[in-house]
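Undergrad: Just passing along the structure, written as structure tokens.
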Amino acid sequence: MPVIAGQMRGTSALLNRRNSMVAALAGIAAAFSLTIAADPRLSKEVGDRVDQAAQGFETVAAMLAERSPGQRPAGALANLKHKRSAVESTAAPLGRHVIPPVEAIMGAPPAPLIVPPIVAAPPLYNVAAGTPAPILPASSGAGGGPPILSDIPPPGGGGGVIAPPPIITEELPPPPVTTSAVPEPASWAMMLIGFATMGGAFRRHKRRRGQPAIG
Amino acid sequence: MASAEAASTPKDSSKDVSSNGRIFLTNEQLRQALKSGTIDRPIKSLLAVERPLKFGDYKWDDAAVPDGPTWIRIDLKSQLISVFRAGYEIGTAVIVYGGDNKETPAGRLHILAKARNHRSSVYDAEMPYTLRLTNDGVSIHASSVRWGAATHGCIGVPINFAERLFDATKVGDEVTIVPASTPQQAS
Chain A
4 MPVIAGQMRG
14 TSALLNRRNS
24 MVAALAGIAA
34 AFSLTIAADP
44 RLSKEVGDRV
54 DQAAQGFETV
64 AAMLAERSPG
74 QRPAGALANL
84 KHKRSAVEST
94 AAPLGRHVIP
104 PVEAIMGAPP
114 APLIVPPIVA
124 APPLYNVAAG
134 TPAPILPASS
144 GAGGGPPILS
154 DIPPPGGGGG
164 VIAPPPIITE
174 ELPPPPVTTS
184 AVPEPASWAM
194 MLIGFATMGG
204 AFRRHKRRRG
214 QPAIG
Chain B
9 MASAEAASTP
19 KDSSKDVSSN
29 GRIFLTNEQL
39 RQALKSGTID
49 RPIKSLLAVE
59 RPLKFGDYKW
69 DDAAVPDGPT
79 WIRIDLKSQL
89 ISVFRAGYEI
99 GTAVIVYGGD
109 NKETPAGRLH
119 ILAKARNHRS
129 SVYDAEMPYT
139 LRLTNDGVSI
149 HASSVRWGAA
159 THGCIGVPIN
169 FAERLFDATK
179 VGDEVTIVPA
189 STPQQAS
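Going down the list, the protein sequences come from chains A and B.
When the letters of the first sequence are read in order and numbered with this note's numbering, they come out as residues 4 to 218.
When the letters of the second sequence are read in order and numbered with this note's numbering, they come out as residues 9 to 195.
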């Protein structure tokens, strides 16, 4: 019956389209998982967040990771010190200070290295106004109020303000932005798997559309 | 300023950021940190660091921190150093450490000696505020801390941080160095 055949054709077409979409999404999800597994920093961040979600609180490791500049990149590193060409070792104040010979690490960032002189910066401000109060957790004390140390100015505008010491940046130009010229093998694999999955899904969909309807 | 800091702090009862820039740990956080191996002894608080530290950055706050045992935690993977006194973190900074073929040793070490103005005879380089950790020369000292740099095994810290660290520590204080990859930090 033409109506039923049409309905069945439409239903099977819908099913086929849904199946191909599901297959394509699965391929993309697999590729995404490969990306996370390939990049250690991504997996570390995701792991920390999953860990935090699983624990229900922020872990100490996560708090330390938040302040981290990240892992040191692999590859050529700049040597901070170079061995003397003619060494007459003299007795150092701490006794023998001998480090076995190490070959200089070749390679440097693209930009010329600038080694700023080590200059003492002004003293860090962390002086408390008045007598420092003992450190207490915020939840201690009757009523669970904030700890005694506070950077809120006292009422009336008098007295000093205790401010948390700022983060001091001493030096340094921003690091040169370098990008890898060649994608990692994992990136290639991820891309190819994704394309293959999507291509297979579309091919299956096409093949099913070409079959005659059963009516 | 405290209210602005409080407004920017995410609502999380487990991250109790007090207005003096410290994060006091809950029992659950401490238990989890000890169990996972993130720390090997109890601590009471961490410094509240508002943003990821850059090379050359440090933070020091020992205001009103009581006297007590001082120990240092160095995390090579995160490139961070943390200094604790009586369980309170009093300083943190970004470090540089040993490169390939001259890795910084991991494990539990002690400060063997201190020298305010040490000069390496091998490398003809100034190493201010040296804290010697091993007999073959691995130390914590002031250095030019920058991205992409590596040492021959020593831990380099910004000079102002090194000065404070030098004054806050003594011979015999413990230094725990966590390697760049450890199965303990997987949890």
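Backbone N, C-alpha and C fix where the C-beta goes; we use that ideal spot for every residue, glycine too.
Starting from the beta carbon of B:A114, find every residue of chain A whose beta carbon is closer than 8 angstroms, and list them in chain order.
TA: Taking the first residue of the second sequence as position 1, residue 114 of chain B is located at position 106. In chain order: nothing, as chain A lies at least about 15 angstroms away.
Undergrad: Name the chain B residues whose beta carbon is nearer than 9 angstroms to that of A:S71?
TA: The sequence position of residue 71 of chain A within the first sequence is 68, counting from 1. Here the neighbours are P60, L61, D83, K85, S86, Q87, L88, V102.
Undergrad: If contact is defined by three or more beta carbon pairs under 8 angstroms, each pair taking one atom from either stretch, is the region 96-115 of chain B in contact with the region 51-67 of chain B?
TA: Yes, the region 51-67 of chain B touches the region 96-115 of chain B.
Undergrad: Between the Cα of B:L120 and the Cα atoms of B:T142, B:E134, B:K110, which residue gives the shortest distance?
TA: What you label residue 120 of chain B is simply residue 112 of the second sequence in a count that begins at 1. The shortest Cα separation from B:L120 among B:T142, B:E134, B:K110 belongs to B:T142.
Undergrad: May I ask you to list the residues that DSSP assigns as paired with B:E3?
TA: Outside the modelled stretch of chain B, which goes from 9 to 195, sits residue 3 of chain B, for which no answer is possible.
Undergrad: So, at 8 angstroms on beta carbons, what are the nonlocal neighbours of B:Y66 in its own chain, with the 5 sequence-adjacent residues on each side left out?
TA: Within the second sequence, numbered from 1, the residue matching residue 66 of chain B stands at position 58. Result list for B:Y66: G99, T100, A101, V102, V165, P166, N168, F169, in chain order.
Undergrad: At 8 angstroms on the CB atoms, spell out the chain D contacts of A:A64, in chain order.
TA: This model lacks chain D altogether, as its protein chains are A and B.
Undergrad: Are there three or more Cβ pairs, one per stretch, closer than 8 angstroms when the region 175-187 of chain B is compared with the region 108-117 of chain B?
TA: Cβ pair count under 8 angstroms is three or more, so yes.
Undergrad: Going by the CB atoms, is the gap between B:L88 and B:Y105 shorter than 8 angstroms?
TA: Position 97 of the second sequence, counted from the start, is the residue given in the question as residue 105 of chain B. Position 80 of the second sequence, counted from the start, is the residue given in the question as residue 88 of chain B. Going by C-beta atoms, B:Y105 is not nearer than 8 angstroms to B:L88.
Undergrad: Entirely within the region 55-84 of chain B and at least 3 residues each: give me those beta strand (DSSP E) ranges in chain order.
TA: As far as the region 55-84 of chain B is concerned, its whole beta strand (DSSP E) runs of at least 3 residues are 65-68, 78-83.
Undergrad: Assuming the contact rule is C-beta atoms closer than 8 angstroms, A:S23 and A:F198 should be a hit. Round their C-beta distance to whole Å, please.
TA: Within the first sequence, residue 23 of chain A is the residue found at index 20, counting from 1. Within the first sequence, residue 198 of chain A is the residue found at index 195, counting from 1. Rounded, the Cβ-Cβ distance is 14 angstroms, inconsistent with contact.
Undergrad: Would you call the CB atoms of B:L173 and B:V91 closer than 8 angstroms?
TA: In the second sequence, residue 173 of chain B corresponds to position 165, counting from 1. In the second sequence, residue 91 of chain B corresponds to position 83, counting from 1. For B:L173 and B:V91, yes; Cβs fall inside 8 angstroms.
Undergrad: For a contact meaning CB atoms closer than 8 angstroms, what does B:I33 contact in chain A?
TA: To locate residue 33 of chain B, count along the second sequence from 1; it is residue 25. One detail in the question is off: residue 33 of chain B reads as Leu in this sequence, not Ile. In chain order: V63.
Undergrad: Does DSSP classify A:S46 as helix, strand or coil?
TA: Here residue 46 of chain A refers to the residue found at position 43 of the first sequence. The predicted model places A:S46 with a pLDDT of 46, which falls under 50 and marks its position as unreliable, so this point remains unresolved.
Undergrad: How long is the line joining the alpha carbons of B:K43 and A:L18, rounded to whole angstroms?
TA: On the second sequence, residue 43 of chain B is found 35 positions in, with the first residue counted as 1. On the first sequence, residue 18 of chain A is found 15 positions in, with the first residue counted as 1. Their backbone Cα atoms lie some 50 angstroms apart in a straight line.
Undergrad: Which chain A residues are close to B:L54, counting only those with a beta carbon under 8 angstroms from its beta carbon?
TA: Residue 54 of chain B sits at position 46 when you count from the first residue of the second sequence. Result: V63, M66, L67.
Undergrad: Going by alpha carbons, who is nearest to B:V73 out of B:A94, B:R116, B:I80?
TA: For the purposes of this step, residue 73 of chain B is taken as residue 65 along the second sequence, with counting starting at 1. Here the closest residue by C-alpha is B:A94.
Undergrad: Beta-carbon separation of A:S71 and B:P77 under 8 angstroms?
TA: Here the question's residue 71 of chain A lines up with position 68 in the first sequence. Here the question's residue 77 of chain B lines up with position 69 in the second sequence. Result no, Cβ atoms of A:S71 and B:P77 do not sit closer than 8 angstroms.
Undergrad: Find the nearest neighbour of A:A64 within the set B:G64, B:W68, B:G45, B:A158, judged by alpha-carbon distance.
TA: Position 61 of the first sequence, counted from the start, is the residue given in the question as residue 64 of chain A. That would be B:G45, whose Cα lies nearest to the Cα of A:A64.
Undergrad: Given a cut-off of 8 angstroms, decide if B:H118 and B:G180 are closer than it, judged by their beta-carbon atoms.
TA: Counting from one through the second sequence, the residue named residue 180 of chain B turns up at place 172. Counting from one through the second sequence, the residue named residue 118 of chain B turns up at place 110. For B:G180 and B:H118, yes; Cβs fall inside 8 angstroms.
Undergrad: If the cut is a Cβ gap below 7 angstroms, which residues of chain B does A:R75 touch?
TA: Your numbering for residue 75 of chain A matches position 72 in the first sequence. Those within 7 angstroms of A:R75 in chain B are Q87.
Undergrad: From the DSSP output, read off the bridge partner residues of B:H118.
TA: Indexing the second sequence from 1 puts residue 118 of chain B at position 110. Beta-bridge pairing links B:H118 to B:E182.
Undergrad: To the nearest angstrom, how far is the alpha carbon of A:P76 from that of B:R39?
TA: Against the first sequence, residue 76 of chain A aligns to sequence position 73. Against the second sequence, residue 39 of chain B aligns to sequence position 31. If I take the Cα positions, the gap works out to 32 angstroms.
Undergrad: For A:F60 and chain B, any beta-carbon pair shorter than 8 angstroms?
TA: To locate residue 60 of chain A, count along the first sequence from 1; it is residue 57. It does; some Cβ of chain B falls within 8 angstroms.
Undergrad: Closest to A:A26 by C-alpha separation, out of A:R211, A:G203, A:M66, would be which residue?
TA: Start at 1 with the first residue of the first sequence, and residue 26 of chain A comes out as number 23. It is A:G203 whose Cα lies nearest to the Cα of A:A26.
Undergrad: By how many angstroms is the C-alpha of B:M135 removed from the C-alpha of B:S129?
TA: Position 121 of the second sequence, counted from the first residue, corresponds to residue 129 of chain B. Position 127 of the second sequence, counted from the first residue, corresponds to residue 135 of chain B. Their Cα atoms are separated by approximately 10 angstroms.
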